[in-house]
Each structure stands twice: as C-alpha cells, then as structure tokens.
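Visitor:
In the working numbering, the protein residues as written are 181 to 469.
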C-alpha cells in the first residue's frame, strides 16, 4: 500500500428519477444513454487525470500530485479545472446529439433533456491498494468526495470545489466563487466553493414528427445499434449489472430481451401508423385561396 497526494474528481450524472414509468425498454435505453454521456465526458479526460472506476452514473478520477513543488501542483489542478469545464461542453453536445437521433419515444429517451452533470473536486492523501491487476483508492479523502455528492447546493448543474482544491488551483480566474459549508456525513462540516457553469444557450433540437426509422441517417442507426447491442448483452448477462443511483436496480434475463424487442417492434409500428395518418390528414386538407 502506498500513500500519495492526489487531486480527486467525481463527474456525476443525474436527472432520471426512480418514479419514471420504467419498463424493460425504458430501463435499457436509460442505462445506454447514461453510458453514452459518461463516455462523452471521459473522452475529454486526459493526463494527468486517470479513471479510477465507473460507479453507476458517476466516474471517479484522480491525478497524482507527486512533485513537491507547490507551483507544479497548482498548475496540475488548474489543468484539471480546464478539463472539467470541457466535460460540460462534451456532455451537452452529446445530449443534443442523442435527442436529435430520436431513437424512440420511451420514458428514457423522452427525458434526455432533464439529465444534468455535476462535478466534485478535492485534494487529499489517498492510499493506493493493489488488488490483482486493479488499483483501489482508499482513505478519508476518498470517502469525503463521495459524501459531498449529497449536499444542499440549490442547482442541478454545478462544479463543487473543496476549499483545499480551491486554494491550490485559484479557482476559475473569474472572481471569487460562492462559498458554502456542507455537512459530510460522519466527517463534519466541509468548506466548499461552488461554480455554476454558464448556461448552455444552444437550443436542444425539437423532437421530429413521428416517422419510421430511416437507414439514411447513419448517426441514428449507429445509436440504435449500440442500444440494441447493449440490451442484448445486458439481458444475457454479458454486461455487469450496473448500479445506477437514479434508476431501479433490476436483474434482467432472456424474457426481458423478448419484452424489449416486442415493445420496440410495437412502438415502431405505432410510430409508422401515426406518421402515415398525419401525412394523409395533411394531404386531405383543402387549400386556402
């Protein structure tokens, strides 16, 4: 076991609620959508950030601050802030792309626009434990950043920095951040700073009129194929059952796969009928003089 000084980062996706009407298709699509969004975020994580592990709808990352130089450590934390800012841009770009693909009208796909990203940043001492080929991070500072996910910040999207991270990095260079004190269960009060990213003003694409899936849209087809592939692997146990904190923890089997495709075929058929009826209704309207 080795003790190192590190910067810790948690990127957490929330917005789905356990009170959504969840059936097999909605659940599998919601899981696949969160996975797509997490991958978009992680695609923008680069050195010195390293992924420790995925924790359901969150990604836990760290960066080792090995250099004894305070200036070097400060530069590393500022670079982490730059990367975290890029996480939000990537998240919203992928969110818009998922909505534009309009894969289906299940609850999971209908609520994509409600998904939000939060980031938590801390600096502390961490124990690195080697378990076979895996490296596990442990210690009070690891517990602290996880406990801070439950807080009283009155916003759905923000970046929360502990005072320790804020002092080392200097923040975002846009003036002081909102100072707060949060209670970390079992660890007491924690001084934090909160940054609210500028609201993404790019309008989310409107949902298209119901229409049969078109093979002429390669992005839509690629997304649909990834979702179907995920559904098959998840139902057959080839994907480890995820532990999403905002979705029901449901064990699936081959019967779930049958339900998934039956519902999917039914939904596509209804969308096609709706689309053709709309076209027929528009065609039968008298022209205005």
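We put the beta carbon where it would ideally sit given N, CA and C, even for glycine.
Suppose you measure from the CA of residue 319 to the CA of residue 302; what does that come to, to the nearest Å?
Guide: Start at 1 with the first residue of the chain shown, and residue 319 comes out as number 139. Start at 1 with the first residue of the chain shown, and residue 302 comes out as number 122. Using only the alpha carbons, I get a separation of about 13 Å.
Visitor: Using the three-state DSSP reduction, which class does residue 209 fall into: helix, strand or coil?
Guide: Here residue 209 refers to the residue found at position 29 when the chain shown is read from its first residue. Looking at residue 209 - three-state DSSP - the assignment turns out to be helix.
Visitor: For residue 239, which option in 358, 398, 220, 363 has the closest C-alpha, if you only look at C-alpha atoms?
Guide: Numbered from its first residue, the chain shown carries residue 239 at position 59. Of 358, 398, 220, 363, the residue nearest in Cα terms is 220.
Visitor: Measuring straight from C-alpha to C-alpha, what distance separates residue 231 and residue 215?
Guide: For the purposes of this step, residue 231 is taken as residue 51 along the chain shown, with counting starting at 1. For the purposes of this step, residue 215 is taken as residue 35 along the chain shown, with counting starting at 1. Near 15 Å, if we compare the C-alpha coordinates of residue 215 and residue 231.
Visitor: Exposed or buried, which one is residue 345 when buried takes at least 16 other CB atoms within 10 Å?
Guide: Residue mapping note: residue 345 aligns to position 165 of the chain shown, counting from 1. Per the 10 Å Cβ criterion, buried.
Visitor: For residue 185, which three-state DSSP category applies?
Guide: Along the chain shown, one-based indexing puts residue 185 at 5. It is a strand residue.
Visitor: Mapping DSSP to helix, strand and coil, what is residue 430?
Guide: Walking along the chain shown from the start, residue 430 turns up at place 250. Coil at residue 430, not helix or strand.
Visitor: Please confirm whether residue 340 and residue 324 have their CB atoms less than 9 Å apart.
Guide: Here residue 340 refers to the residue found at position 160 of the chain shown. Here residue 324 refers to the residue found at position 144 of the chain shown. Not closer than 9 Å, so no.
Visitor: For residue 194, which residues does DSSP report across the bridge?
Guide: To locate residue 194, count along the chain shown from 1; it is residue 14. Residue 194 is bridged by DSSP to 296.
Visitor: What's the call for residue 376, buried or exposed, on a 16-neighbour Cβ count within 10 Å?
Guide: Here the question's residue 376 lines up with position 196 in the chain shown. By the neighbour-count rule (16 or more Cβ atoms within 10 Å), residue 376 is not buried but exposed.
Visitor: Assuming the contact rule is C-beta atoms closer than 8 Å, residue 416 and residue 210 should be a hit. Round their C-beta distance to whole Å, please.
Guide: Along the chain shown, one-based indexing puts residue 416 at 236. Along the chain shown, one-based indexing puts residue 210 at 30. For a cut-off of 8 Å, the C-beta gap from residue 416 to residue 210 is around 19 Å, too long to register as a contact.
Visitor: Closer than 8 Å by C-beta to residue 267: which residues in its own chain qualify, once you throw out the five before and the five after it? Chain order, please.
Guide: In the chain shown, counting from the first residue as 1, residue 267 sits at position 87. Hits under 8 Å: 191, 221, 224, 225, 297, 299.
Visitor: Rounded to the nearest angstrom, what separates residue 287 and residue 206 at their Cα positions?
Guide: Walking along the chain shown from the start, residue 287 turns up at place 107. Walking along the chain shown from the start, residue 206 turns up at place 26. When only Cα atoms are considered, residue 287 and residue 206 end up about 5 Å apart.
Visitor: Expressed to the nearest angstrom, what Euclidean distance is found between the alpha-carbon atoms of residue 258 and residue 349?
Guide: Position 78 of the chain shown, counting from 1, holds the residue named residue 258. Position 169 of the chain shown, counting from 1, holds the residue named residue 349. Whole-angstrom Cα-Cα distance: 5 Å.
Visitor: Counting only the same chain and skipping the five closest in sequence on each side, list residues whose C-beta sits under 7 Å from that of residue 229.
Guide: Position 49 of the chain shown, counted from the start, is the residue given in the question as residue 229. If we look at residue 229 and ignore the five residues flanking it on each side, its Cβ neighbours are 189, 241, 243, 260, 263.
Visitor: List the DSSP bridge partners of residue 233.
Guide: Taking the first residue of the chain shown as position 1, residue 233 is located at position 53. Paired residue(s): 240.
Visitor: Can you round the beta-carbon distance between residue 312 and residue 343 to whole angstroms, since I take them to be within the 8 Å contact cut?
Guide: For the purposes of this step, residue 312 is taken as the residue at position 132 of the chain shown. For the purposes of this step, residue 343 is taken as the residue at position 163 of the chain shown. A Cβ-Cβ distance of about 36 Å is found for the pair residue 312 and residue 343, leaving them out of contact under the 8 Å criterion.
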